[in-house]
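If you count by this note's numbering, then the sequence shown holds residues 10 to 462, one letter each, in order.
Every residue gets a Cβ at the ideal spot worked out from N, C-alpha and C, and that includes glycine.
Model, not experiment: these values are computed from the prediction.
See structure below.
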Amino acid sequence: MRNEWESAHTDYTMPARRQIPASLAESESDWRHYLEHSTPNGWLIQHNAMIDALVSGKPMYLLHTTRDINAIRTSRELHVSTGCLVGALYCSPLTSERQGLRPHNLGAYLIRTKPSTTPMVFEVTPDAPVRPKGVDYLHLGAIHLRTYLRYRSFLTPAEHDQVDHAVLAGLRGAASFLDLALRNAAGRVSSARAFIDQLSRAVAHVPFLGYLYFEVLSEYLLLHSVTPETKTYAQAGELNNWLYKRLAFAAVDGMDRLFDLTRFDPGHYRLVQLVEGLEPNLGPGVAEYVRRRLSHLFAVTALHPSQDVESVIFQGADLRTIQEAAPGLVGQVLFREVRHLPRYQQLYHCFEKAKALAAWDYWNSEGIPTPFNGVIPKGEIGINPVYPRSSVRAWVAEQDSSGYVHPVEEVAAVLTPHLASWWAPPRQRGRQKATAVARPESALTEARSPVPA
């Protein structure tokens with residue numbers, strides 16, 4: 010499993026080393042070079058304030074917002090969350106300046122848009138310079154699959170059937186698009202307009218595509234934006250997080266209340282309209298960028314590295330064949346199906362604690378007290394609750410009229426390896442009912458040994 014965790018992390022200060030399927034038109038190194046050297050803000054991928062702070066080995070100041078500071082005072086405990094950081098206390102960086110602690114633009118966004126929360130400041134003093142390896146949740150599919158296979162005995166037979174049916178139904182419903190994406194990843198260029206419209210329809214069948222779609226668009230906006238706002242943040246060593254927040258809220262009704270990327274599915278016309286509404290000069294190139302980039306990322310996150318993208322076909326394949334060829338995709342689909350089971354509130358800690366324990370073990374062995382979201386280093390950073398070689402102090406904080414944050418009351422609370430409760434909302438859109446789909450010839454099988462990353 011260590012190789013899977015290694016593959017799920019990216020160090021932007023090192024050359025790309027992840028093993029990928031054969032016959033891709035563009036390699037990971039090709040894309041890294043393009044993103045860093047052919048986009049206006051690509052230089053920030055390596056040379057941003059967050060990574061500079063990590064590798065300095067100096068104390069780091071991080072901002073966290075909480076809904077219930079009184080519970081923390083009373084229990085003297087802080088629980089961590091799952092999501093893109095697997096099992097860490099979700100934070101954003103703070104920069105120490107003469108006037109106080111300046112929030113990263115992501116933190117400024119959180120404070121401004123969550124007025125009912127209380128800001129907290131954490132000082133993390135590492136034992137050494139921190140390896141800038143960020144966890145990329147798009148690459149966690151094989152880990153989701155392995156975890157499910159290990160603990161699926163916790164499900165009832167009826168739940169097994171429900172999950173198997175739903176996974177197969179979703180993959181079959183999206184199969185034509187999945188095959189199209191692989192053909193594009195291998196260099197067979199298709200119409201960008203048709204690609205986006207097919208992607209939009211496929212999200213309803215395979216919700217993971219909504220996450221992939223959103224992250225590709227976020228990357229496009231973050232790296233290509235040239236607005237005065239973006240340039241101001243770039244001068245501070247930050248990518249502009251406000252761009253993708255505005256995109257999400259404009260694209261999906263209610264996203265400001267529940268950030269649910271399974272509903273992120275704009276078609277071609279709407280996509281161009283949304284991007285031009287944010288920055289007009291970025292509209293003409295967005296569809297072609299999504300076609301190329303999403304096709305590549307789908308291939309490397311979905312398929313086993315031993316596969317050849319030109320040989321994999323989803324249409325007509327049974328679940329066992331798909332799992333062998335695309336364990337990353339099956340894991341991502343499973344992860345999003347299982348958490349909608351009626352009993353998942355009771356099962357949540359069983360599945361998610363297993364992944365958190367493995368992540369903590371990996372981070373501790375790699376010297377990572379502060380893991381970050383490595384899809385792109387945009388400022389989402391967390392605190393590893395069980396790192397044994399760093400000290401952590403916490404304060405309740407206040408923000409002044411100039412936007413600076415000031416610690417005002419130290420809190421005698423410690424981070425604990427407990428996961429905060431999580432609830433999956435009901436599905437927003439209907440899918441094919443499981444009873445309408447034939448039972449797959451074989452249920453999900455044990456994961457094969459991973460290829461070294």
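With contact defined as three or more Cβ pairs closer than 8 Å, the stretch 389-403 and the stretch 96-106 are in contact. Rounded to the nearest whole angstrom, the CA to CA distance from Leu110 to Gly246 is 15 Å.
Under the Cβ criterion (8 Å, minimum of three pairs), the stretch 22-36 does not count as touching the stretch 279-295. Residue environment analysis places Gly325 among the exposed positions, since fewer than 16 neighbouring C-beta atoms fall within 10 angstroms of its C-beta. Counting along the chain, the unbroken alpha helix (DSSP H) around Gly286 starts and ends at His277 to Leu287.
In this structure, Pro24 and Ser38 form a Cβ contact; the two beta carbons are roughly 7 Å apart against a cut-off of 8 Å. Nearest Cα to Leu248 within the set Thr91, Leu87, Arg11 and Ala117: Ala117. In the DSSP assignment, Lys364 falls within the alpha helix (DSSP H) that extends over Tyr353 to Glu375. By a beta-carbon distance limit of 8 Å, Asp188 does not contact Arg398. Their separation comes to about 48 Å.
Pro351 sits exposed, since fewer than 16 C-beta atoms from the chains shown fall within 10 Å of its C-beta.
The alpha-carbon separation between Ser304 and Gln316 amounts to approximately 15 Å. DSSP places Thr425 inside the beta strand (DSSP E), whose first and last residues are Val423 to Leu428. Sixteen is the threshold: since fewer than 16 other Cβ atoms of the shown chains lie within 10 Å of the Cβ of Gln244, the residue is exposed. If you keep only unbroken alpha helix (DSSP H) runs of at least 4 residues inside the stretch 297-359, you get 328-334 and 336-347.
Secondary structure note for Phe131: it is in no alpha helix (DSSP H), and the uninterrupted beta strand (DSSP E) holding it is Thr127 to Thr134.
Under the three-state reduction of DSSP, Gln207 is assigned to helix. When DSSP reads this structure, Arg202 sits in no beta bridge, so it has no partner. With a contact defined as Cβ atoms closer than 8 Å, Leu103 and Val139 miss out at about 16 Å. Counting along the chain, His42 sits inside the alpha helix (DSSP H) bounded by residues Glu37 to His46. Secondary structure note for Leu72: its beta strand (DSSP E) is the uninterrupted segment Met69 to Thr75.
Taking one beta carbon from each stretch, the stretch 322-338 and the stretch 146-166 have 3 or more pairs nearer than 8 Å; the two touch. With respect to the 9 Å criterion, Ala422 and Thr156 are not classified as neighbours on the basis of their beta carbons.
Taking the Cα of Trp14 as reference, the smallest distance to any Cα among Ser411, Arg345 and Ala365 is reached at Ala365. Pairing Glu86 with Val401 gives a Cβ-Cβ distance that is not under 9 Å. Closest in C-alpha terms to Gly196, from the list Ala403, Glu407, Tyr357 and Ala308, comes Ala308.
In the displayed model, Phe258 falls within a helix according to three-state DSSP. In the three-state reduction of the DSSP assignment, Ile29 falls in the coil class, being assigned neither a helical nor a strand state. Contact between Phe381 and Met59 holds: CB atoms are separated by about 7 Å, below the 8 Å threshold. Take the alpha-carbon of Leu231 and the one of Pro166: they are about 45 Å apart. The DSSP assignment places complete alpha helix (DSSP H) segments of no fewer than 4 residues inside the stretch 144-191 at 150-160, in order along the chain. Closest option to Ser185, judged by alpha-carbon separation, among Tyr160, Gln282, His174 and Val212: Val212. Of all alpha-carbon atoms in Ser105, Ser90 and Ala368, the one lying nearest the alpha-carbon of Tyr413 is that of Ser105. Here Ile385 carries a coil assignment [DSSP, helix/strand/coil]. The beta carbons of Phe360 and Val347 sit closer together than 9 Å. If you ignore the 5 residues before and after Arg345, its C-beta comes within less than 8 Å of the C-beta of Pro216, Phe217 and Thr271, all in its own chain and listed in chain order.
Beta-bridge analysis with DSSP links Tyr99 to Gly391.
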